[in-house]
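K.L.:
2 protein chains.
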Amino acid sequence: MSDPFVVVGADAAGLSAASKFRREAPDREVVVFEKGRWISYAYCGMPYFVAGYVDRMSDLLSLSPSEVDERGIDLRRDREVVAVEPDAKRVTVETADGDRFEQAYDDLLVATGARATTGPFDVRGVDGAFTLHDMDAAAAIDAYVAEPDAYDPDRADVSAVDRERVDRNAAMRAPETAAVVGGGYVGVEVAEALAERGLDVHVFHRSGHLLSPFGETVGNRVEEALEAEGVSVHTDAPVDALVGDDRIGAVEIGDEGDPETVPVDMAVVGVGIRPNTDLLDGTGVDLGAGGAIRVDDRGRTSLPDVYAAGDCATARHAVTGEPDWTPLGLTANRAGRAIGATVAGDPTPVGDIAGTAAVKAFDTEAARVGVLDRGKAEEAGFDPVSETVTAGSRSGYYPGAAETDVTLVADRDTGRLLGGSIVGTDRAAIRIDTLATAIESEMTVPEIERLDLAYAPPFSPVWDPILVAAKVLNGTLDG
Amino acid sequence: MSDPFVVVGADAAGLSAASKFRREAPDREVVVFEKGRWISYAYCGMPYFVAGYVDRMSDLLSLSPSEVDERGIDLRRDREVVAVEPDAKRVTVETADGDRFEQAYDDLLVATGARATTGPFDVRGVDGAFTLHDMDAAAAIDAYVAEPDAYDPDRADVSAVDRERVDRNAAMRAPETAAVVGGGYVGVEVAEALAERGLDVHVFHRSGHLLSPFGETVGNRVEEALEAEGVSVHTDAPVDALVGDDRIGAVEIGDEGDPETVPVDMAVVGVGIRPNTDLLDGTGVDLGAGGAIRVDDRGRTSLPDVYAAGDCATARHAVTGEPDWTPLGLTANRAGRAIGATVAGDPTPVGDIAGTAAVKAFDTEAARVGVLDRGKAEEAGFDPVSETVTAGSRSGYYPGAAETDVTLVADRDTGRLLGGSIVGTDRAAIRIDTLATAIESEMTVPEIERLDLAYAPPFSPVWDPILVAAKVLNGTLDG
Numbered sequence: 001m002s003d004p005f006v007v008v009g010a011d012a013a014g015l016s017a018a019s020k021f022r023r024e025a026p027d028r029e030v031v032v033f034e035k036g037r038w039i040s041y042a043y044c045g046m047p048y049f050v051a052g053y054v055d056r057m058s059d060l061l062s063l064s065p066s067e068v069d070e071r072g073i074d075l076r077r078d079r080e081v082v083a084v085e086p087d088a089k090r091v092t093v094e095t096a097d098g099d100r101f102e103q104a105y106d107d108l109l110v111a112t113g114a115r116a117t118t119g120p121f122d123v124r125g126v127d128g129a130f131t132l133h134d135m136d137a138a139a140a141i142d143a144y145v146a147e148p149d150a151y152d153p154d155r156a157d158v159s160a161v162d163r164e165r166v167d168r169n170a171a172m173r174a175p176e177t178a179a180v181v182g183g184g185y186v187g188v189e190v191a192e193a194l195a196e197r198g199l200d201v202h203v204f205h206r207s208g209h210l211l212s213p214f215g216e217t218v219g220n221r222v223e224e225a226l227e228a229e230g231v232s233v234h235t236d237a238p239v240d241a242l243v244g245d246d247r248i249g250a251v252e253i254g255d256e257g258d259p260e261t262v263p264v265d266m267a268v269v270g271v272g273i274r275p276n277t278d279l280l281d282g283t284g285v286d287l288g289a290g291g292a293i294r295v296d297d298r299g300r301t302s303l304p305d306v307y308a309a310g311d312c313a314t315a316r317h318a319v320t321g322e323p324d325w326t327p328l329g330l331t332a333n334r335a336g337r338a339i340g341a342t343v344a345g346d347p348t349p350v351g352d353i354a355g356t357a358a359v360k361a362f363d364t365e366a367a368r369v370g371v372l373d374r375g376k377a378e379e380a381g382f383d384p385v386s387e388t389v390t391a392g393s394r395s396g397y398y399p400g401a402a403e404t405d406v407t408l409v410a411d412r413d414t415g416r417l418l419g420g421s422i423v424g425t426d427r428a429a430i431r432i433d434t435l436a437t438a439i440e441s442e443m444t445v446p447e448i449e450r451l452d453l454a455y456a457p458p459f460s461p462v463w464d465p466i467l468v469a470a471k472v473l474n475g476t477l478d479g
Numbered sequence: 001m002s003d004p005f006v007v008v009g010a011d012a013a014g015l016s017a018a019s020k021f022r023r024e025a026p027d028r029e030v031v032v033f034e035k036g037r038w039i040s041y042a043y044c045g046m047p048y049f050v051a052g053y054v055d056r057m058s059d060l061l062s063l064s065p066s067e068v069d070e071r072g073i074d075l076r077r078d079r080e081v082v083a084v085e086p087d088a089k090r091v092t093v094e095t096a097d098g099d100r101f102e103q104a105y106d107d108l109l110v111a112t113g114a115r116a117t118t119g120p121f122d123v124r125g126v127d128g129a130f131t132l133h134d135m136d137a138a139a140a141i142d143a144y145v146a147e148p149d150a151y152d153p154d155r156a157d158v159s160a161v162d163r164e165r166v167d168r169n170a171a172m173r174a175p176e177t178a179a180v181v182g183g184g185y186v187g188v189e190v191a192e193a194l195a196e197r198g199l200d201v202h203v204f205h206r207s208g209h210l211l212s213p214f215g216e217t218v219g220n221r222v223e224e225a226l227e228a229e230g231v232s233v234h235t236d237a238p239v240d241a242l243v244g245d246d247r248i249g250a251v252e253i254g255d256e257g258d259p260e261t262v263p264v265d266m267a268v269v270g271v272g273i274r275p276n277t278d279l280l281d282g283t284g285v286d287l288g289a290g291g292a293i294r295v296d297d298r299g300r301t302s303l304p305d306v307y308a309a310g311d312c313a314t315a316r317h318a319v320t321g322e323p324d325w326t327p328l329g330l331t332a333n334r335a336g337r338a339i340g341a342t343v344a345g346d347p348t349p350v351g352d353i354a355g356t357a358a359v360k361a362f363d364t365e366a367a368r369v370g371v372l373d374r375g376k377a378e379e380a381g382f383d384p385v386s387e388t389v390t391a392g393s394r395s396g397y398y399p400g401a402a403e404t405d406v407t408l409v410a411d412r413d414t415g416r417l418l419g420g421s422i423v424g425t426d427r428a429a430i431r432i433d434t435l436a437t438a439i440e441s442e443m444t445v446p447e448i449e450r451l452d453l454a455y456a457p458p459f460s461p462v463w464d465p466i467l468v469a470a471k472v473l474n475g476t477l478d479g
């Protein structure tokens, strides 16, 4: 117990682990290496910063370096861990200047997160083309979108920001038309954000409906919500190329031989993310779904005394029982906190995931949980049966009642709930928590139909949309 | 099988049962006796009609008599069942004219609902004094509140309405100051409604906080919400008397020897309801909690072939496992539907209740579930431990984040969740469904802390208020 607990990465998982560890084991040392300048920022808040809903970038920071210091955590920024030697129990660290040194550990947590993939598009060096996966990109987009004389430099009020990049983007003529490449949840949020900033926005999505993991019902309603606010949604429209030399000028979609060209003066690419695992190359660590580091129910990797958590790690899926990769904020915070406790001597499960996710497009709220995809359900040994209903969010006579679509998927043999989605404009997304709870307690659809959910005219009709969906799906299961 | 399925009462439970029975057993006869003219009305919507949120009384009706007829249900209004002979399997029915006849049954469902109790206050014959437990009272209150020249008689657009009573109340000078006697959920809703109609409203509540079954945290925040909109809330203030001869003039509160008099020109008494069981007097039927008809998990009473459902019947509580009396709309609809199926030959459980309830006071939403009361928990054999937290409803940087108070109660030995309440202004009430689901699946607080609830900045912070509360309560349980 002479060497410290070493944490790689100073965001949600890493700092949750370090903080919990310090509280539980105040006499032991914890060192956190962060390769950049940014720590503890709200990734999920970036689109809302770009939209202008959030005034100052500093509002998106949970902890400042000095607050981390006050917790007794030895935080070292501009220090990238480039290699791990599990047998020797030490890591190799590289400074921003390229110097290297070694650090021994008793326990190691890899919390290196994920990075945006850009598919075939290299946005580097093309003005007006971005990916949105870090705070510097958010600050640059925010500056680019504003007219030079209207930009408020205090919006990027964090010392870590790449000020040169911000200034350069702020000086450019503001764009009028933007392409959002990819209609996943970041794409949907960025589309709303840019439309709120007054741009003419086009969303291009490879497959037939937006938000693929949310299912077709949700995708179609979110598409309607975007279109109603003037966003042009192009489905079955994979982007072939970004066109432009110094500055983006257009995107090309459709047939390679006869592509359609849509002129734009801005593009944000959000086609996916990939776990950061390079530092474990050569260690023989087991990787799992999505190329993420495979961990057990305590967050342990296949390497001794090496843990992983957050967007770089798998988590056990409550429906399939298998390691899954669904990188989201709660998973990272929760796993980090549990590992901090475990390393401090209080073994704590990291918890299952249910694949719960929520997103909004203007006033339309959407959420999903569990396994919605037929193929994935079958692969896990289930025989999925699905129904979708449209039901009122409140008693019909109460003002504001809104059509809410609920999809439920269950296993034919056992009636067990496998997944669900909800979309609507009135308190729709938060209702997913009811289904997440039902999934994690392995409830059947008949049990869900008999749940005593709240009935009060301003919030729910006698039969909540979830109960209506359960009733209909039960009829199908019986039939 | 020569005699019909007889249903007593044509509201939520009775008509749900009759409708389900007709669908499942189309060749068999069902007769529904209703003692009055009204059928299938939304009791819970009446305060919102009085508030003016609902334009027409007919909006509160789910089914018209002709729609019931189209379902093949033999509905007979103005027919009161006054006696049941379980051995002979027949009921005695009295018409509005006082004539009596007998009706044989194969199966009988008692769905007679509940009536408002008025405590020591006889509101009959006193102008301006009301109880709100039927549509005629709602119509009369709505007419009384309006100035004679401003009242729109089309608001009471249902033929069943007591037009003479409406007209008489419409002709009176409109009140300026109202007393609401009783601060339960109907009292809170009526206070909001009358304030919305421009009255100076006083709420008098016997105990120390409003909404007793919701606990003190909720009661206090709802009191603040009412006061913020100009409603005067008097707690620890039992009303001794309504004062006035022909028309209400004041209420008296406080010491009998030295009462305080508050002048009012309107009073609405909402001090409780009582199950309607008179028709079973002399049958020896088992009664249970609250004097309601005790039923088993299929809705069967202690009398052969006699069922009971809705506000006149008990239901099994998911936490205590005992028959409980929590008269609410979903319970009635669900039990009626299940009994209709059972009588038709498809045995169906009526389902447990979790005591889930929700209410709003202007923009403040409150909800409760399970067992919150320490005494009741101990009586059921638990050792209750409770914590209350205040947490944000959204990510802190996201506009509209609102303080949400969550109380959780758990059993010390097992960690099992026994009850909870939630109050706040941003999607607070609907979150209770998560706790209801957790209670009905007998989850423990550690399991709840690890739930994968939705995180998205517009709807929930990383740690949903429910997760924050579970974390804090777990700390207490561990300590």
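Read top to bottom, the protein sequences are chains A and B. Using the UniProt record's numbering, the letters of the first sequence map in sequence onto residues 1 to 479. Using the UniProt record's numbering, the letters of the second sequence map in sequence onto residues 1 to 479. For each residue, glycine too, the CB sits at the ideal point set by N, CA and C. All figures in this text were calculated on a predicted structure; none of them were measured in a lab.
Does P458/A have its Cβ less than 8 Å from a Cβ in chain B?
P.N.:
yes
K.L.:
Does Y455/A come out as helix, strand or coil in the three-state DSSP assignment?
P.N.:
coil
K.L.:
Counting only Cβ pairs nearer than 9 Å, list the residues of chain B close to N333/A.
P.N.:
Y455, V462 and W463
K.L.:
For a contact defined as C-beta to C-beta under 8 Å, what are the partners of P349/A on chain B?
P.N.:
At a C-beta separation below 8 Å, P349/A has these neighbours in chain B: R450.
K.L.:
Taking 8 Å as the cut-off, decide whether the C-beta atoms of A83/B and T92/B are in contact.
P.N.:
yes
K.L.:
Just to confirm, is the Cβ distance from G270/A to G184/A under 8 Å?
P.N.:
yes
K.L.:
Residues in its own chain within less than 7 Å of L328/A by CB, not counting five upstream and five downstream?
P.N.:
Cβ neighbours of L328/A beyond the five flanking positions: A357.
K.L.:
Taking the beta carbon of P461/A as the centre, do at least 16 other beta carbons fall within 10 Å, making it buried, or is it exposed?
P.N.:
buried
K.L.:
Could you check whether the Cβ of M443/B sits closer than 8 Å to any Cβ belonging to chain A?
P.N.:
yes
K.L.:
Do you know whose CA, among A429/B, D87/B, G187/B and Y144/B, lies nearest K167/B's CA?
P.N.:
Sequence check: residue 167/B is Asp here, not Lys. Of the candidates A429/B, D87/B, G187/B and Y144/B, the one whose C-alpha sits nearest the C-alpha of D167/B is Y144/B.
K.L.:
Of all the CB atoms in chain A, is at least one closer than 8 Å to the CB of Y41/B?
P.N.:
no
K.L.:
Identify whether residue 480/A lies in helix, strand or coil by the three-state DSSP scheme.
P.N.:
The structure shown does not extend to residue 480/A, since chain A spans only 1 to 479, so no value can be given for it.
K.L.:
Please determine, among L226/A, D245/A, G254/A and E227/A, the residue with the shortest C-alpha to C-alpha distance to V239/A.
P.N.:
G254/A
K.L.:
Using a beta-carbon distance below 8 Å, is C44/B in contact with chain A?
P.N.:
It does; some Cβ of chain A falls within 8 Å.
K.L.:
Could you work out which residue in M57/B, A470/B, E224/B and L280/B is closest to S159/B when comparing CA atoms only?
P.N.:
M57/B
K.L.:
Start and end of the beta strand (DSSP E) containing I273/A?
P.N.:
I273 to P275
K.L.:
Are P446/B and G415/B touching if we call contact CB-CB under 8 Å?
P.N.:
yes
K.L.:
Distance check for E442/A and A292/A, CA to CA, integer angstroms please.
P.N.:
26 Å
K.L.:
Show which residues of chain A have a CB atom less than 8 Å away from the CB atom of R431/B.
P.N.:
I430 and D433
K.L.:
Which residues bound the alpha helix (DSSP H) around T331/A?
P.N.:
G329 to V343
K.L.:
Could you work out which residues of chain B lie near Y398/A, taking near to mean beta carbons separated by less than 8 Å?
P.N.:
G45, Y48, Y53 and V54
K.L.:
Ignore the nearest five residues each way along the sequence and tell me which others in residue 500/B's own chain have a CB closer than 8 Å to its CB.
P.N.:
Residue 500/B cannot be examined here, being either before or after the span of chain B that is shown, 1 to 479.
K.L.:
At 7 Å on the CB atoms, spell out the chain A contacts of D59/B, in chain order.
P.N.:
Y397
K.L.:
Any beta carbon from chain B within less than 8 Å of residue 480/A's own beta carbon?
P.N.:
Missing from the structure shown is residue 480/A; chain A here goes from 1 to 479 and no further.
K.L.:
With L417/A as the anchor, note down where its alpha helix (DSSP H) starts and where it stops.
P.N.:
First-last for L417/A: L417 to G424, but that is the beta strand (DSSP E), not the alpha helix (DSSP H).
K.L.:
Nearest by alpha-carbon distance to residue 485/A: which of R76/A, R206/A and D3/A is it?
P.N.:
Residue 485/A lies beyond the range of chain A shown here (1 to 479); nothing can be said about it.
K.L.:
Just the C-alpha distance for A308/A and R316/A, rounded to the nearest angstrom, thanks.
P.N.:
13 Å
K.L.:
Over the uninterrupted beta strand (DSSP E) stretch that includes P263/A, give me the two end residues.
P.N.:
E260 to P263
K.L.:
For the putative contact between V181/B and V268/B, defined by C-beta atoms under 8 Å, what is the C-beta separation to the nearest angstrom?
P.N.:
7 Å
K.L.:
Taking beta-carbon pairs under 8 Å, can you tell me which members of the region 318 to 345 of chain B lie near chain A?
P.N.:
A318, L328, G329, L330, T331, N333 and R334
K.L.:
In chain A, which residues lie less than 8 Å from K360/B when you measure between Cβ atoms?
P.N.:
A456, P458 and F459
K.L.:
In three-state DSSP terms, what is F5/B?
P.N.:
strand
K.L.:
Compute every distance between the C-beta of L372/A and the non-hydrogen atoms of the ligand SAH, then say whether any falls below 7 Å.
P.N.:
With respect to the ligand SAH, the structure offers nothing, as it holds no ligand at all.
K.L.:
Buried or exposed for R412/B, going by 16 or more other Cβ atoms inside 10 Å?
P.N.:
exposed
K.L.:
Using CA atoms only, rank isn't needed, just tell me which of I432/B, T301/B, P259/B and D296/B is closest to V285/B.
P.N.:
T301/B
K.L.:
Going by C-alpha distance, which of A344/A, G336/A and F362/A is nearest V350/A?
P.N.:
G336/A
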